[in-house]
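Here the structure comes first, spelled out in structure tokens, and everything after it is commentary.
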Amino acid sequence: MADLTTNFIGITSPNPFWLASAPPTDKEYNVRRAFEAGWGGVVWKTLGEPGPPVVNVNGPRYGAIWGADRRLLGLNNIELITDRDLQTNLEEITRVKADYPDRAIIVSIMVPCEEESWKTILPLVEATGADGIELNFGCPHGMSERGMGAAVGQVPEYIQMVTEWCKKYYSKPVIVKLTPNITDIRYPARAAHAGGADAVSLINTVSSIISVDLDTLSPEPSIDGKGSHGGYCGPAVKPIALNMVSQIARDADCGGTPISGIGGVTTWRDAAEFMVLGAGNVQVCTAAMTYGFKVVQEMISGLSQWMDEKGYASTADFVGSAVPNVTEWQFLNLNYVTKAQIDQEACIKCGRCYAACEDTSHQAISMSADRVFEVIDEECVACNLCVNVCPVEDCITMVELDQGATDPRTGRKVGEYANWTTHPNNPGALKAAE
Amino acid sequence: MSNSPTTPGLAAGRLAPAVLAENFTDLHPALDRHEAQVAADRCYFCHDAPCMTACPTSIDIPLFIRQIATGTAEAAARTIFDQNILGGICARVCPTETLCEEACVRMEAEGAPVEIGRLQRHATDRLMARNDHPYQRAAETGKRVAVVGAGPAGLACAHRLAMKGHQVVIYDSHPKPGGLNEYGIAAYKSTEDFAQAEVNWLLGIGGITVETGRALGSDLTLAGLQQEYDALFLAIGLAGVNALSVPGDDLATDAVSFISDLRQASDLDNLPVGRHVVVIGGGMTAVDAAVQSRLLGAENVTLAYRRGPEQMAASQFERDLAASNGVRILTNVRPVALHGDAGLREVELEHTSTADGTLRGTGETFRLPVDQLFSAIGQTLQGAPEGLEIDGGKIRVDATGRSTLPGIWAGGDCASGGEDLTVTAVAEGRDAAEDIHRALIHDSEGNLLLLQTTGGRSDG
Ligand SMILES: Cc1cc2nc3c(=O)[nH]c(=O)nc-3n(C[C@H](O)[C@H](O)[C@H](O)COP(=O)(O)OP(=O)(O)OC[C@H]3O[C@@H](n4cnc5c(N)ncnc54)[C@H](O)[C@@H]3O)c2cc1C
Ligand SMILES: Cc1cc2nc3c(=O)[nH]c(=O)nc-3n(C[C@H](O)[C@H](O)[C@H](O)COP(=O)(O)O)c2cc1C
Ligand code: SF4
């Protein structure tokens, strides 16, 4: 069986599945049970300054959206960093690390943006024996109004400055956790790199209002009739996170900074996708909160089965392997022509492809009186909508036209690779071609 | 085809071969990938899942279903086989309606459980089709264990012992291994010679020798086996049958042997069945005999049970299966005599009532025409070696499968405790193997005798 042991910035763990800093990692009891269930590592719930801990609301702090059959797709929260005493957390971290030397324990930290605050807490964290720290520059609610979390994460200069302090006062790896609530994720990532960060992790939660109660007119989760924006996570944010991970992986100015991928990882497949797009490991929060710690067993068995099938001996063999295939739109091959094809054997005659194409796309599917649906090649632009709305997997597929074949829609022969930079309709084409 | 369902007496070929073939196809056909996906999506991944508790082998059902849902049916199969190496046959024969599926929280929610049995079949079929055995043995321990009986209990025990590095010899009196998987289970539950295919696949672990045509009590003795082996596991099932004990009962046929003939028939077209069939009994065997008689083309099949429908051992699903196949179910009747000079002609049945838990005949009787009467009123322990304590007609064992004699374990139908089901037999065989292993690698003071390499999944 494939070896899932992962070395991420010098920290080894038996598998690449870490629990993200959040309620699942808020105390010794949880973390021990998580390790027993098989998690490779944890990022301990974010610690704050010494002194009185922060307080949470005492009403509901989560909201959700659901898919069919009430599958949880997105979770939103207005929770703050740990509301437990710093000393208690530190003692627990020390104990758990001593008992689980083979697992990764990273301590997430968020203290004010002053050198003194970091200088004070870092030696305390160092003394626990934990493997590294993660700087929480991502929390979009509650803490950001106090000048921490996303308020730091949205200002690259601050990121660099705090990272430098951490490298100065802490000897082990420093991971900078990034907020997605920013226009271009590469700027904070470059700042972390410039500050000497060993890695970045992303994404933290996305600013969100998840729903409104139409009787009370209160945003949810409702605290005494009022709501406040929160942080959005779970399967719904995965596409946003995947894009941001790949952007950093491809950015020369990020200098190949290792990435810990976070955001909607729910199955082994999600993890594999993050990893081929450049993440050295993944962190999980919502899936564990939805299904319990046991989900990691499916992640482990699934990833190792896939690795065996593909012949990968270790996770390092495939991390980043899809990065070269991420490109800009302008470089996509405009002479790659496909047509939708409907497998009549597999078709259950629901007509969804017809409705989608006829009403909203290119009127490229015909429907007969006895409900036979067929693609009209003369009209099909290959947009893929029919594939996406069809309830039967692989019933509608895209078939590529060979080079030299004539596209019945345009009447033109399919040529060799050519992209927008050289296309005659592109006003800048000649310049781009030079 | 000259015969038909109305041909009088016993006759073969009552139905056209194509109809026969159709009748004996899979009762629960395999799910294809898409169907499995849809079915798997319904699982809630319950915590401490009730289905798992309801499964006698405690398969991690939510985990294997999630593994199917994420496109790794092979990993799902390993989750199943870790707990139940006969997960393939169990997926086909388990009365899931009284086990895992009955416990599914979807029953509470909408009265339709996740299709656990069929999902299990989907996963196990996928891995078994690969033909590489998914487990490997630990290093040889030098210990030898004899298993008597190659049914589910014996096979499960042998596999686990072999995995732990012991050498196992299985003895079985029948010409083929498999026990009731091969000779008893209804034909439409185990199609395409699955029982033999499964045995061959299971033996892929290595370290197991099967000797068929060898019976304890004739060419094998307990003393001989004890001398030759380090431990003994008895899994001889229930080889005897209860007699009807009414006048004319020599005209009755034992339902188990009818089913066995049916399972072994190379051509169902040649298997005779009566025009009028009566089955006496109320359990799984009675239902199987009745349904298969109908499927062979019997015109009238009546199942006669002495108590009320609630007391029948056959589940509601099985009763519905019988009814939907045109079997007439009579309850609160019992046979008092079988009539006929040159062969069976009529069965005389008496109405019954129960007062204070005691069953009594009302004295009112009636007769049904019958060409073939199957008796399915229970199997009994036969050939249990002398010296073993018997408890309620079964070999007395403790929770780990130990009999009252040292060095002898027993499990499956022949041993006390648990329902008489394939899956229970597997669980008992597996657990006895674990206990035999513990006993073999420790001395009487509990000190470890051998340090072992661990056997297990061949992929690690
Ligand atoms: C007709 C019928 C239908 C059934 N249908 C179902 C069903 O649908 N689902 C379900 O879960 N259960 C069903 N059962 C019950 C199930 O088959 C048994 O519970 C299960 O097979 C018990 O397994 P076992 O290994 O204990 O015994 P068996 O399967 O009976 O195997 C015992 C083996 O021991 C051998 N043996 C016996 N005596 C000796 C001896 N002296 N020396 C050597 N070998 C010997 C026999 O040849 C046999 O191979 C059915 C039973 C019957 C009779
Ligand atoms: C209730 C809740 C509390 C969280 N608290 C923290 C925190 O204290 N520190 C932090 O860095 N991230 C925190 N997060 C963000 C998660 O670590 C993670 O980045 C995010 O949920 C995305 O991953 P997911 O889609 O797997 O949930 C929290 C998330 C949730 C749902
Ligand atoms: S690919 Fe787009 S245009 Fe073509 S048939 Fe499908 S929906 Fe219509």
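The listed protein sequences correspond, in order, to chains Y and P. Residue 13 is where the first sequence starts when you use the working numbering, and the numbers rise one by one after that. Residue 904 is where the second sequence starts when you use the working numbering, and the numbers rise one by one after that. Note that CB positions come from ideal geometry on N, CA and C, so glycine has one too. What you are looking at is a predicted structure, and each value in this text was computed from that prediction instead of being measured.
Could you please give me the residues that DSSP links to I121 of chain Y through a beta bridge?
-> Along the first sequence, one-based indexing puts residue 121 of chain Y at 109. According to DSSP, I121 of chain Y bridges with Y:L59 and Y:L147.
Report all residues from its chain with a CB closer than 7 Å to the CB of A1105 of chain P; omit the five preceding and five following residues, and keep chain order.
-> Walking along the second sequence from the start, residue 1105 of chain P turns up at place 202. The amino acid occupying residue 1105 of chain P in the given sequence is Leu; Ala does not appear at that position. So the list reads I988, L1058 and H1062, once near-sequence residues are dropped.
Review point. Closer than 7 Å: is that where the CB of C1003 of chain P sits relative to any heavy atom of ligand 1?
Key: The residue you call residue 1003 of chain P lines up with position 100 of the second sequence. The answer is no for C1003 of chain P.
- Query: Near G50 of chain Y, what residues of its chain come up, given a Cβ to Cβ distance below 7 Å and the 5 sequence neighbours on each side ignored?
  - Reply: Taking the first residue of the first sequence as 1, we reach residue 50 of chain Y at position 38. Hits under 7 Å: V308, Q309 and I312.
Where does Q172 of chain Y sit, in a helix, a strand or coil, going by DSSP?
Mapped onto the first sequence, residue 172 of chain Y falls at position 160. Residue state, collapsed to three classes: helix.
ask   = If you draw a straight line from the alpha carbon of P953 of chain P to that of E127 of chain Y, how long is it in whole angstroms?
value = Walking along the second sequence from the start, residue 953 of chain P turns up at place 50. Walking along the first sequence from the start, residue 127 of chain Y turns up at place 115. One Cα belongs to P953 of chain P, the other to E127 of chain Y, and the distance between them is close to 54 Å.
What does DSSP give as the partner residue(s) for V188 of chain Y in the beta ladder? Your numbering for residue 188 of chain Y matches position 176 in the first sequence. V188 of chain Y is bridged to Y:L147 and Y:V212.
*chain Y contact residues for Q970 of chain P, given Cβ-Cβ distances below 7 Å*: Indexing the second sequence from 1 puts residue 970 of chain P at position 67. Here the neighbours are E310, S313 and G314.
Open item on the list: Quick check on the DSSP output: the alpha helix (DSSP H) that includes D282 of chain Y runs from which residue to which?
Closed with: Taking the first residue of the first sequence as position 1, residue 282 of chain Y is located at position 270. Taken as a continuous stretch (DSSP letters only), the alpha helix (DSSP H) holding D282 of chain Y covers W280 to V288.
Run the proximity test for A1216 of chain P: is its beta-carbon closer than 7 Å to any non-hydrogen atom belonging to ligand 1?
-> In the second sequence, residue 1216 of chain P corresponds to position 313, counting from 1. No, ligand 1 has no heavy atom inside 7 Å of this Cβ.
Below 7 Å on C-beta distance, what does K322 of chain Y contact in chain P?
Stepping through the first sequence from its first residue, residue 322 of chain Y is reached at position 310. Listed along chain P is no residue with a C-beta nearer than 7 Å to that of K322 of chain Y; the closest approach is about 13 Å.
Distance CB(K250 of chain Y)-CB(D282 of chain Y) smaller than 8 Å
Within the first sequence, the letter at position 238 stands for residue 250 of chain Y. Within the first sequence, the letter at position 270 stands for residue 282 of chain Y. A contact, by the Cβ cut-off of 8 Å.
Check whether the Cβ of E232 of chain Y sits closer than 7 Å to any heavy atom of ligand 2, and report yes or no. On the first sequence, residue 232 of chain Y is found 220 positions in, with the first residue counted as 1. Not under cutoff, so the answer is no.
Q | Residue closest to L918 of chain P, alpha-carbon to alpha-carbon, out of P:G1020, P:S907 and P:L1343 | A | Numbered from 1 along the second sequence, position 15 holds the residue referred to as residue 918 of chain P. Ranking P:G1020, P:S907 and P:L1343 by Cα distance to L918 of chain P puts P:S907 first.
Determine whether the Cβ of Q353 of chain Y lies closer than 8 Å to any Cβ atom of chain P. Taking the first residue of the first sequence as 1, we reach residue 353 of chain Y at position 341. At least 8 Å separates the CB of Q353 of chain Y from every CB of chain P.
Checklist entry - For A441 of chain Y, which residues from the same chain have a beta carbon less than 7 Å from its beta carbon, with the 5 sequence-adjacent residues on both sides left out? => result Translated into the one-based positions of the first sequence, residue 441 of chain Y becomes position 429. Leaving aside the five residues that flank A441 of chain Y on each side, the residues in its chain whose CB is nearer than 7 Å to its CB run, in chain order, T433, T434 and H435.
query: With a cut-off of 8 Å, does the C-beta of F984 of chain P fall near any C-beta of chain Y?
result: Looking up residue 984 of chain P in the second sequence gives position 81. Taking CB atoms only, F984 of chain P has no neighbour in chain Y less than 8 Å away.
Practice problem: Determine whether the Cβ of T298 of chain Y lies closer than 8 Å to any Cβ atom of chain P. | Solution: As a position in the first sequence, residue 298 of chain Y is number 286, starting the count at 1. Not a single C-beta of chain P is nearer than 8 Å to the C-beta of T298 of chain Y.
Note to self: ligand 2 and G12 of chain Y: does any heavy atom of the ligand fall closer than 7 Å to the residue's C-beta?
What the structure shows: Because chain Y in this structure spans residues 13 to 446, residue 12 of chain Y falls outside the shown range and cannot be described.
**Asked** Is any beta-carbon of chain Y found at less than 8 Å from that of E1018 of chain P?
**Response** Working through the second sequence from its first residue, we reach residue 1018 of chain P at position 115. With respect to chain Y, the C-beta atom of E1018 of chain P has no partner C-beta closer than 8 Å.
Outcome for A1026 of chain P when other beta-carbon atoms lying within 10 angstroms are tallied against a minimum of 16 = The residue labelled residue 1026 of chain P in the question sits at position 123 within the second sequence. Under the 10 Å beta carbon count, A1026 of chain P is surrounded by 16 or more other beta carbons and is classified as buried.
If you run the structure through DSSP and keep just helix, strand and coil, what is A1134 of chain P? The count along the second sequence starts at 1 and reaches residue 1134 of chain P at position 231. Reduced to three states, the DSSP call for A1134 of chain P is strand.
*For F1277 of chain P, three-class secondary structure by DSSP*: Start at 1 with the first residue of the second sequence, and residue 1277 of chain P comes out as number 374. In the structure shown, F1277 of chain P adopts extended strand secondary structure according to DSSP, grouped into three states.
Can we count E386 of chain Y as close to ligand 2, meaning its CB is less than 7 Å from some heavy atom? Counting from 1 along the first sequence, the entry for residue 386 of chain Y is found at position 374. Relative to ligand 2, the beta carbon of E386 of chain Y is positioned no closer than 7 Å to any heavy atom.
Checklist entry - What does a CB cutoff of less than 7 Å around C398 of chain Y pick up in its chain, not counting 5 residues either side in sequence? => result Start at 1 with the first residue of the first sequence, and residue 398 of chain Y comes out as number 386. For C398 of chain Y, same chain residues with a beta-carbon under 7 Å away, outside a window of 5 residues either side, are A352, C365, A368, C369, I377 and I408 in chain order.
Let me check one thing: in DSSP terms, what residues is I1183 of chain P bridge-paired to?
Indexing the second sequence from 1 puts residue 1183 of chain P at position 280. The partner list for I1183 of chain P (beta bridge, DSSP) reads P:A1207 and P:S1278.
For this session: May I have the straight-line CA-CA distance separating A1100 of chain P from N400 of chain Y, to the nearest angstrom?
Result: Indexing the second sequence from 1 puts residue 1100 of chain P at position 197. Indexing the first sequence from 1 puts residue 400 of chain Y at position 388. So the alpha carbons of these two residues sit roughly 41 Å apart.
Next on the checklist: If contact is defined by three or more beta carbon pairs under 8 Å, each pair taking one atom from either stretch, is the segment 1337 to 1347 of chain P in contact with the segment 1157 to 1164 of chain P?
Outcome noted: Verdict: no, contact absent.
Let's see if you can read the secondary structure: which residues bound the alpha helix (DSSP H) around G1020 of chain P? Within the second sequence, the letter at position 117 stands for residue 1020 of chain P. Per DSSP, G1020 of chain P belongs to the alpha helix (DSSP H) from I1019 to M1031.
Practice task
Could you check which residue in P:G1349, P:L1165, P:A1065 and P:A979 has the C-alpha nearest to that of V1050 of chain P?
Solution key: Taking the second sequence and counting its residues from 1, one reaches residue 1050 of chain P at position 147. Per the C-alpha coordinates, the member of P:G1349, P:L1165, P:A1065 and P:A979 positioned closest to V1050 of chain P is P:A1065.
message = Below 8 Å, how does it come out for the segment 60 to 71 of chain Y and the segment 39 to 46 of chain Y: are there three or more Cβ pairs, yes or no?
response = No, the segment 60 to 71 of chain Y is not in contact with the segment 39 to 46 of chain Y.
Does A1041 of chain P get closer than 8 Å to chain Y when you measure Cβ to Cβ? Locating residue 1041 of chain P in the second sequence gives position 138, counting from the first residue. Not closer than 8 Å to any Cβ of chain Y, the Cβ of A1041 of chain P fails to qualify, so no.
Looking at the unbroken beta strand (DSSP E) that takes in C245 of chain Y, where does it start and where does it end? The residue given as residue 245 of chain Y occupies position 233 in the first sequence. That run of the beta strand (DSSP E) goes G242 to C245.
Review point. Can you tell me whether K238 of chain Y is buried or exposed, with buried defined as 16 or more other CB within 10 angstroms of its CB?
Key: Here residue 238 of chain Y refers to the residue found at position 226 of the first sequence. By the neighbour-count rule (16 or more Cβ atoms within 10 Å), K238 of chain Y is not buried but exposed.
Contact belief for R1222 of chain P with T1255 of chain P at Cβ below 8 Å, rounded distance in angstroms: On the second sequence, position 319 is the one that residue 1222 of chain P refers to. On the second sequence, position 352 is the one that residue 1255 of chain P refers to. Rounded, the Cβ-Cβ distance is 19 Å, inconsistent with contact.
> What residues in the segment 257 to 290 of chain Y bring their beta carbon closer than 8 Å to a beta carbon of chain P?
Replying inline: So the list reads T279, W280 and R281, given in the order they occur along the chain.
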